[in-house]
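For the sequence shown, the UniProt record's numbering gives the first residue as 376, with consecutive numbering after it. Quick reminder that beta carbons are idealized off the backbone N, C-alpha and C, glycines included. If you're wondering where the values come from, they're calculated on a predicted model, not measured in any experiment.
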Amino acid sequence: QPARAVDLVEEESGAPGEEQRRWEEARLGAASLKFGARDAASQEPKYQLVLEEEETIEFVRASQLQGDEEPSGPPPPTQAQQKESIQAVRRSLPVFPFREELLAAIANHQVLIIEGETGSGKTTQIPQYLFEEGYTRKGMKIACTQPRRVAAMSVAARVAREMGVKLGNEVGYSIRFEDCTSERTVLRYMTDGMLLREFLSEPDLASYSVVMVDEAHERTLHTDILFGLIKDVARFRPELKVLVASATLDTARFSTFFDDAPVFRIPGRRFPVDIFYTKAPEADYLEACVVSVLQIHVTQPPGDILVFLTGQEEIEAACEMLQDRCRRLGSKIRELLVLPIYANLPSDIQARIFQPTPPGARKVVVATNIAETSLTIEGIIYVLDPGFCKQKSYNPRTGMESLTVTPCSKASANQRAGRAGRVAAGKCFRLYTAWAYQHELEETTVPEIQRTSLGNVVLLLKSLGIHDLMHFDFLDPPPYETLLLALEQLYALGALNHLGELTTSGRKMAELPVDPMLSKMILASEKYSCSEEILTVAAMLSVNNSIFYRPKDKVVHADNARVNFFLPGGDHLVLLNVYTQWAESGYSSQWCYENFVQFRSMRRARDVREQLEGLLERVEVGLSSCQGDYIRAITAGYFYHTARLTRSGYRTVKQQQTVFIHPNSSLFDEQPRWLLYHELVLTTKEFMRQVLEIESSWLLEVAPHYYKAKELEDPHSKKMPKKIGKTREELG
Ligand code: CDP
Ligand code: MG
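Okay, structure coming up:
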């Protein structure tokens, strides 16, 4: 494919200015370096970067502006010096001058809202201040919640280093399926979901002296539920301190919610950020990203680049493309370090994004939304924002949840741009038009509670003894229909009785840290005597579609390897097959390598499996292997997610929505009449991911209260002649 370059035009005059000239020179230079080569026919650039303001931009080096000394090369710092420099960094953070004032405010108020620019030190410093102040005396703990696993892990690691302790000792983190804490842990960074689960074992959070709900502006479902629960606990535990920390957004609302709690503002440092837009919409933002990164690299003064993409697949693709092009350019360009960051990335690789860029090189961090506010990477001067994020949406009418790549909100776009101005004046390149920014982006992101299914949370609240969900203290209430549907689903799954009370089975389901359908499947494995297989399926489903590895240069081999795992019946069986073979190989990484399977994902699946296995006893499921029918156990959990083949393709059984089998599925060419799916993903179409062939009669068997025989009649089926169908209808 012909590589192309990005043009830069000053909006008002259209005349080439200094910036334009530099850019064009670079393009020519780049062209001779082969990546910008364009034939005469495609001379017309597909899109242009347009300068928002007319002035020429002057770049100032971070070190010049801050007056800090760049950490210079050898000799390597001694341990004492390292400690000293860590302390110096701590003292340089914007929150530091407010340490005493902040501690006084916390002492004087039970609930405090803390507002501060991203990177000001809220997450890493405030819990340490509280620790130093003695809030963890007598074995009391401090919890600090993060919406994202990666953030919880990396922040805990950072704080442990700052305190000079081993991660997991005094400072630890706890995320689903991974607990890196011990008896000694007093500073606990945890996902908001984990603190929510803490309520199950300790409804008054008695072992905590401080709860800091961090990244509150993210408004994740779990954070929103925590607000209601913590507000309640705070009423009868006057000694509990509650901190709500947020980027500079929405803090007035938090204050109002917490009975007008005071807001403590940490003034941030921020340097100006110049915004650039494209002149015309860009069709392929991934390709545009890669081109723009290289262009920035070749034309712009030193400073690292941060790119916002929507998920792992995209990030890996972009990184691969970038590395590929850099390799081809070789020594003709300066070194470009390409570093991905997303939720499932192992922590050793994550840590690399925080290492300082070697002199002469440039770093490009390709990140999900996580880098918007949860993580601060030093040295970012350029932000590249395609303007998208992956968002869950939920249709309470149909009960369909989908994950969609959607335009981000203005608030999000502004946060992203702000990341360029932390250490010096920066630039933000938006891969969309100024018009689109003005007219197409929503002001703010809708809180998750209003666009997700609530089965999980309702089950949790019910197990905490909260029955009247309609009157729960929500910051923003979920849609009434969504709540109702969650109750209905839980009833169908047997977790609630007809009065909406938790059943024994519901109590067990709440014990398992997975979605209700998955936990139902695990419980059902007892009846079908196949818990070993079901645990594996559950664990593999939990590692999120990242099982197979497909390197660009070995696509054919990789696809063959994948197809070799296919078994008739469907994707759940394929997952089980992969895991079983891997286990037989002695959990070998070599085996993974040879079969194009991601070792990391498998290792994670193994962890998840072990944890779930450890919980089986508590939910009274015995270990057994394949005495029964595990496909039926899966159906017992997923009878909600079913589709049938009609003349016009697949339709969901209950709602009659048009859906498609994902092209990666082993059943893509099989087209069975009845199937269940694990999840729906909306990309170009509504795709069902991880599908399994079933028989419609099983649905009646596992969910007689949910399905009526009539809905499951199959007009095309040979087994059910039309005549009988008609007769029945006449009778009915
Ligand atoms: O929470 P807030 O955004 O206010 O700031 P923070 O996360 O506490 O970050 C304070 C400083 O710690 C920043 O300068 C980060 O670059 C640094 N940090 C780090 O070096 N490594 C991490 N894993 C997290 C933070
Ligand atoms: Mg933070």
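Presumed contact (8 Å Cβ cut-off) between residue i and residue j, rounded CB distance
i: residue 906; j: residue 990; result: Between residue 990 and residue 906 the Cβ distance is about 11 Å, and since that is not below 8 Å, they are no contact.
i: residue 678; j: residue 754; result: 7 Å
i: residue 766; j: residue 717; result: Incorrect: roughly 15 Å between the Cβ atoms, too far for contact.
i: residue 591; j: residue 619; result: 5 Å
i: residue 516; j: residue 588; result: That pair is no contact at about 15 Å.
i: residue 1007; j: residue 903; result: 5 Å
i: residue 565; j: residue 518; result: 6 Å
i: residue 660; j: residue 867; result: That belief does not hold up - the Cβ atoms of residue 660 and residue 867 are roughly 40 Å apart, past 8 Å.
i: residue 896; j: residue 1011; result: 6 Å
i: residue 465; j: residue 888; result: With a Cβ gap of about 35 Å, residue 465 and residue 888 do not count as contacting.
i: residue 641; j: residue 473; result: 6 Å
i: residue 1020; j: residue 1046; result: 6 Å
i: residue 950; j: residue 977; result: No, residue 950 and residue 977 are not in contact; Cβ-Cβ is about 11 Å, not under 8 Å.
i: residue 885; j: residue 575; result: 7 Å
i: residue 775; j: residue 1032; result: 6 Å
i: residue 484; j: residue 692; result: Not confirmed; about 48 Å, so no contact.
i: residue 690; j: residue 743; result: 7 Å
i: residue 1028; j: residue 969; result: That pair is no contact at about 40 Å.
CB contact below 8 Å: residue i versus chain B
i: residue 722; result: No chain B appears in this structure, which consists of one protein chain only.
Residues bridged to residue i (per DSSP)
i: residue 770; result: 775
i: residue 546; result: 542 and 562
i: residue 1051; result: 1017 and 1067
i: residue 742; result: 683 and 716
i: residue 758; result: 681 and 803
i: residue 649; result: 802
i: residue 1062; result: 1035 and 1056
i: residue 780; result: 765
i: residue 877; result: 871
i: residue 1025; result: 1020 and 1034
i: residue 520; result: 565 and 588
i: residue 737; result: 711
Handout entry: Touching by the beta-carbon criterion (3+ pairs, under 8 Å), the segment 849-867 and the segment 820-832
Key = yes
Practice task
Say whether the segment 910-920 touches the segment 940-955, bearing in mind that this needs 3 or more beta-carbon pairs closer than 8 Å, one atom from each stretch.
Solution key: yes
Practice task
Tell me, please, whether the segment 801-816 touches the segment 759-774 by the rule of three or more beta-carbon pairs shorter than 8 Å.
Solution key: The segment 759-774 and the segment 801-816 touch, with three or more beta-carbon pairs separated by less than 8 Å.
Handout entry: Stretch-stretch touch, CB-based, cutoff 8 Å, three pairs: the segment 841-849 with the segment 593-605
Key = By the C-beta criterion, the segment 841-849 is judged to be in contact with the segment 593-605, since at least 3 inter-stretch pairs fall below 8 Å.
Exercise for the section: Decide yes or no for the touch test of the segment 525-533 against the segment 716-736: beta carbon pairs closer than 8 Å, at least 3 of them. Expected result: yes
Handout entry: Inter-stretch contact at 8 Å, needing at least 3 Cβ pairs: the segment 576-592 / the segment 1013-1021
Key = no
Problem - Every unbroken alpha helix (DSSP H) inside the segment 920-973 [4 residues or more] - result: 930-939, 946-959 and 964-969
Practice task
Please list the segments of the beta strand (DSSP E) lying wholly inside the segment 472-518, counting only runs of 3 or more residues, in order along the chain.
Solution key: Scanning the segment 472-518 for uninterrupted beta strand (DSSP E) segments of 3 residues or longer gives 486-491, listed from N- to C-terminal end.
Practice task
Any chance you could list the alpha helix (DSSP H) runs of at least 4 consecutive residues sitting entirely within the segment 553-640, in chain order?
Solution key: 567-576, 596-611 and 626-632
Problem - Segment contact flag, the segment 653-666 with the segment 518-525, C-beta cutoff 8 Å, min 3 pairs - result: no
Handout entry: Three or more C-beta pairs below 8 Å linking the segment 960-972 and the segment 695-715
Key = Contact fails: fewer than three Cβ-Cβ distances are below 8 Å.
Handout entry: Three CB pairs or more closer than 8 Å across the segment 491-501 and the segment 783-794
Key = Result yes; three or more Cβ-Cβ pairs closer than 8 Å.
Handout entry: Inter-stretch contact (C-beta, 8 Å, three-pair minimum) for the segment 865-884 and the segment 965-984
Key = They do not touch, by the three-pair rule.
Practice task
Report yes or no: do three or more beta-carbon pairs, one from the segment 501-511 and one from the segment 552-560, lie closer than 8 Å?
Solution key: no
Exercise for the section: Would you check if the segment 743-751 and the segment 781-791 touch, i.e. whether three or more CB-CB distances between them fall below 8 Å? Expected result: Segments in contact, yes.
Problem - At least three beta-carbon pairs within less than 8 Å, the segment 881-896 to the segment 920-933 - result: no
Problem - Inter-stretch contact (C-beta, 8 Å, three-pair minimum) for the segment 1032-1051 and the segment 1064-1075 - result: yes
Practice task
State whether the segment 663-683 contacts the segment 811-828, with contact taken as three or more CB pairs (one from each stretch) at a distance under 8 Å.
Solution key: These segments do not touch.
Handout entry: Segment contact flag, the segment 1073-1089 with the segment 1030-1042, C-beta cutoff 8 Å, min 3 pairs
Key = Output reads no: the segment 1030-1042 does not touch the segment 1073-1089.
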